[in-house]
Ligand code: GLU
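Okay, here's the thing in structure tokens:
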């Protein structure tokens, strides 16, 4: 165990930022302007529950307004604090810049354990928090657009959207005040799966590059790769599900709040998720080796490690023992600056959070655009596209007829080809394109500069460069 003190989450993000800007040639003062958090609002409000007033503390931090609205989730967790929301808001700035989502960075949080309240109580608390933020334009379609994060989901976003609409009855764009809403309340297809889907697309892109795989001591495709996932929440669950069901990965380990499971034969993610929601944990699951101290399984041998839960889980105390060659940060900040340094020295390849989990905000961006344009993606062109494809199929079938049916179109191909893209297909295509492009931007810096030896520094260089460009264009 190291005796060096671990920095706070925000300090950790700043340290990583500093490593990158040291390699840049920014005008004097701009570096600090970008690094610092512009403002953090703290609110304490009371809600009458169970016959008495209970006071809650919440935050909304705005890191950078080089683009507006600013964007980032709202988390509900007992440990929420100012340092954490500021770190997360900074990561949002860099994340949005990296994937070209036209937003500044923000984040919010409420100190609450959602499991302590029933649905009606949570609605009262969420609406009151939303009221406090909207009153100060910290929820606003053109200024600040929240989204789900740890402890919140579509349900809370629907309450927030409705609360904002009640306070702004004539705002035609009211629905764009928050993203991650349910489909029937102005949401978009594919938003719930988006962050996990983005992790899958990120890994697929990584595996397209021989040079990159070689750096991690890996080869071949994702098929058969042994994966350990920490956290089967929305992000970890979708990532593990898609990687195992579609890419042939074997999920050999899952770490949850109450412990970890290890199974060399591969865990069935759907089945395990059903077990977790029924039994409130992985303990007792009929297959796999259970241990109570689940974090120990972060150190087990595997090809790909996916921390998809909390920040700071890989740190000075365990980084040396991490065996995975490739880590993809599905959570925000799962590796501390100290942990990062140890892993870098060991040669572990880390696909950094600001890229790896950007799928959520990317699809949030599509949802926001959908809300502002007041039309579902694909509504105008889907049938027209199908009709044009039908023309080609008809021609080919006429040709086949004229040749005595000596050949015919494969029915599976025909069905696939004829189907016009609906909203879900378009969202996935836009997300895939975003993840590929951003990865290529990062790897160009990673391989193109001698002084850049890791993907995180490359990601910071790309995104800080874009933020600096915006400030410059503004004349700042
Ligand atoms: N909370 C998610 C994140 O950390 C999503 C943010 C958003 O969609 O605005 O990226």
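In our numbering, the protein residues as written are 11 to 486. Note that CB positions come from ideal geometry on N, CA and C, so glycine has one too. Model, not experiment: these values are computed from the prediction.
### Message
Given a cut-off of 7 angstroms on the beta-carbon distance, is the pair residue 151 and residue 106 in contact?
### Response
Within the chain shown, the letter at position 141 stands for residue 151. Within the chain shown, the letter at position 96 stands for residue 106. Going by C-beta atoms, residue 151 is not nearer than 7 angstroms to residue 106.
### Task
Would you check whether the ligand GLU has a heavy atom nearer than 6 angstroms to the C-beta of residue 157?
The sequence position of residue 157 within the chain shown is 147, counting from 1. Under cutoff, so the answer is yes.
### Message
Please report the distance separating the alpha-carbon of residue 211 from that of residue 404.
### Response
Counting from one through the chain shown, the residue named residue 211 turns up at place 201. Counting from one through the chain shown, the residue named residue 404 turns up at place 394. Cα-Cα distance, rounded: 35 angstroms.
### Message
Please classify residue 38 as buried or exposed, where buried requires at least 16 neighbouring CB atoms within 10 angstroms.
### Response
One-based indexing of the chain shown puts residue 38 at position 28. Exposed: under 16 other Cβ atoms inside 10 Å.
### Message
Here's a check: name, in chain order, each residue in its chain whose Cβ is nearer than 7 angstroms to the Cβ of residue 103, leaving out the five neighbours to either side.
### Response
In the chain shown, counting from the first residue as 1, residue 103 sits at position 93. Closer than 7 angstroms at Cβ, skipping near neighbours: 73, 74, 114, 115, 477.
### Task
State yes or no: is the C-beta of residue 161 within less than 7 angstroms of the C-beta of residue 86?
Taking the first residue of the chain shown as position 1, residue 161 is located at position 151. Taking the first residue of the chain shown as position 1, residue 86 is located at position 76. A contact, by the Cβ cut-off of 7 angstroms.
### Message
If you measure between the beta carbons of residue 441 and residue 455, is that distance less than 7 angstroms?
### Response
For the purposes of this step, residue 441 is taken as residue 431 along the chain shown, with counting starting at 1. For the purposes of this step, residue 455 is taken as residue 445 along the chain shown, with counting starting at 1. In this structure, residue 455 does not lie closer than 7 angstroms to residue 441 by Cβ.
### Sequence-distant residues of its chain with Cβ nearer than 6 angstroms to residue 375 (five each side left out)
Translated into the one-based positions of the chain shown, residue 375 becomes position 365. 111.
### Query
Is the stretch 393-403 close to the stretch 417-435, with three or more CB pairs under 8 angstroms?
With the cut-off at 8 angstroms, the stretch 393-403 and the stretch 417-435 touch.
### Message
On the DSSP letters alone, give me the boundaries of the alpha helix (DSSP H) that residue 524 sits inside.
### Response
One cannot answer for residue 524 here, as it falls past the ends of the chain, which runs 11 to 486.
### Task
Put residue 81 into one of helix, strand or coil per three-state DSSP.
Numbered from 1 along the chain shown, position 71 holds the residue referred to as residue 81. Looking at residue 81 - three-state DSSP - the assignment turns out to be strand.
### Task
Return helix, strand or coil for residue 250, following the three-state DSSP convention.
Taking the chain shown and counting its residues from 1, the one referred to as residue 250 is at position 240. It is helical.
### Task
Using 10 angstroms around the beta-carbon of residue 30, count the other beta-carbons present and answer buried if the total reaches 16, otherwise exposed.
Position 20 of the chain shown, counted from the start, is the residue given in the question as residue 30. It is buried - the Cβ of residue 30 has at least 16 other Cβ atoms within 10 Å.
### Task
Please report how far the alpha carbon of residue 108 lies from the alpha carbon of residue 443, in whole angstroms.
Start at 1 with the first residue of the chain shown, and residue 108 comes out as number 98. Start at 1 with the first residue of the chain shown, and residue 443 comes out as number 433. Cα to Cα, the separation comes out at about 13 angstroms.
### Query
Can you name, in chain order, every residue of its own chain whose Cβ lies under 7 angstroms from the Cβ of residue 16, other than the five neighbours on each side?
By 1-based counting over the chain shown, the position of residue 16 is 6. The residues are 325, 326, 346, 348.
### Segments of 3+ residues assigned as beta strand (DSSP E) that fall wholly inside the stretch 18-101
49-59, 62-74, 84-87
### Message
Could you check if residue 440 belongs to the surroundings of the ligand GLU, using beta carbon to heavy atom distance under 6 angstroms?
### Response
Here residue 440 refers to the residue found at position 430 when the chain shown is read from its first residue. Outside the cutoff, so no.
### Query
Relative to the ligand GLU, is the shortest distance from any of its heavy atoms to the C-beta of residue 80 smaller than 6 angstroms?
Here the question's residue 80 lines up with position 70 in the chain shown. Residue 80: no, Cβ never under 6 angstroms from the ligand GLU.
### Query
Would you say residue 418 touches the ligand GLU, meaning its beta carbon is less than 6 angstroms from a heavy atom?
Position 408 of the chain shown, counting from 1, holds the residue named residue 418. No; taking the cut-off as 6 angstroms, the Cβ of residue 418 has no heavy atom of the ligand GLU nearer than that.
### Message
Going by beta-carbon coordinates alone, are residue 245 and residue 206 separated by less than 7 angstroms?
### Response
Taking the first residue of the chain shown as 1, we reach residue 245 at position 235. Taking the first residue of the chain shown as 1, we reach residue 206 at position 196. Result yes, Cβ atoms of residue 245 and residue 206 sit closer than 7 angstroms.
### Task
Note down, in chain order, each residue of its chain lying with its Cβ closer than 7 angstroms to the Cβ of residue 283, except the 5 sequence neighbours on either side.
For the purposes of this step, residue 283 is identified with residue 273 of the chain shown, where counting begins at 1. Here the set comprises 242, 247.
### Query
Assuming residue 381 and residue 342 make a contact with CB atoms under 8 angstroms, what is their CB distance in whole Å?
In the chain shown, residue 381 corresponds to position 371, counting from 1. In the chain shown, residue 342 corresponds to position 332, counting from 1. Not confirmed; about 25 angstroms, so no contact.
### Query
Is residue 374 near the ligand GLU, with its Cβ less than 6 angstroms from a heavy atom?
Residue mapping note: residue 374 aligns to position 364 of the chain shown, counting from 1. Yes.
### Query
At which residues does the beta strand (DSSP E) containing residue 131 begin and terminate?
Taking the first residue of the chain shown as position 1, residue 131 is located at position 121. Premise fails: residue 131 lies in the alpha helix (DSSP H), 129-145, not in any beta strand (DSSP E).
### Message
Let's see if you can read the secondary structure: which residues bound the alpha helix (DSSP H) around residue 116?
### Response
Against the chain shown, residue 116 aligns to sequence position 106. It is not in any alpha helix (DSSP H) - residue 116 instead sits in the beta strand (DSSP E) that spans 114-121.
### Query
Where are the alpha helix (DSSP H) runs, 4 residues long or more, that stay fully inside the stretch 398-473, in chain order?
Runs of the alpha helix (DSSP H) inside the stretch 398-473: 421-428, 433-458.
### Task
Could you say if the stretch 287-297 and the stretch 214-224 meet the contact criterion of at least three C-beta pairs nearer than 8 angstroms?
no
### Message
Among 453, 468, 33, 91, whose alpha-carbon lies nearest the alpha-carbon of residue 18?
### Response
Taking the first residue of the chain shown as position 1, residue 18 is located at position 8. Measuring from the Cα of residue 18, the nearest candidate turns out to be 91.
### Message
Quick check: residue 173 and residue 140, are their CB atoms within less than 7 angstroms of each other?
### Response
The residue you call residue 173 lines up with position 163 of the chain shown. The residue you call residue 140 lines up with position 130 of the chain shown. Contact: yes.
#### Entry: Cβ distance (whole Å) where residue 452 is taken to contact residue 465 below 8 angstroms
Walking along the chain shown from the start, residue 452 turns up at place 442. Walking along the chain shown from the start, residue 465 turns up at place 455. So it is a contact: roughly 6 angstroms between Cβ atoms.
### Task
Check the C-beta distance from residue 118 over to residue 68 and give it rounded, since I have them as a contact under 8 angstroms.
Along the chain shown, read from residue 1 onward, the residue named residue 118 stands at position 108. Along the chain shown, read from residue 1 onward, the residue named residue 68 stands at position 58. So it is a contact: roughly 7 angstroms between Cβ atoms.
### Message
Here's the rule I'm using: 16 or more other beta-carbon atoms within 10 Å means buried, otherwise exposed. How should residue 52 be labelled?
### Response
Taking the chain shown and counting its residues from 1, the one referred to as residue 52 is at position 42. Label assigned to residue 52: exposed.
### DSSP beta-bridge partners of residue 165
Here residue 165 corresponds to residue number 155 of the chain shown, with the count starting at 1. DSSP output for residue 165 lists no bridge partner at all.
### Beta-carbon gap between residue 306 and residue 269 smaller than 7 angstroms
Locating residue 306 in the chain shown gives position 296, where the first residue counts as 1. Locating residue 269 in the chain shown gives position 259, where the first residue counts as 1. Contact: no.
### Query
For residue 411, does the count of other Cβ atoms within 10 angstroms reach 16, so buried, or fall short, so exposed?
Here the question's residue 411 lines up with position 401 in the chain shown. So residue 411 ends up on the exposed side.
### Query
According to DSSP, is residue 243 helix, strand or coil?
Residue numbering aside, residue 243 sits at position 233 when the chain shown is read from its first letter. The answer is coil: DSSP assigns residue 243 none of H, G, I, E or B.
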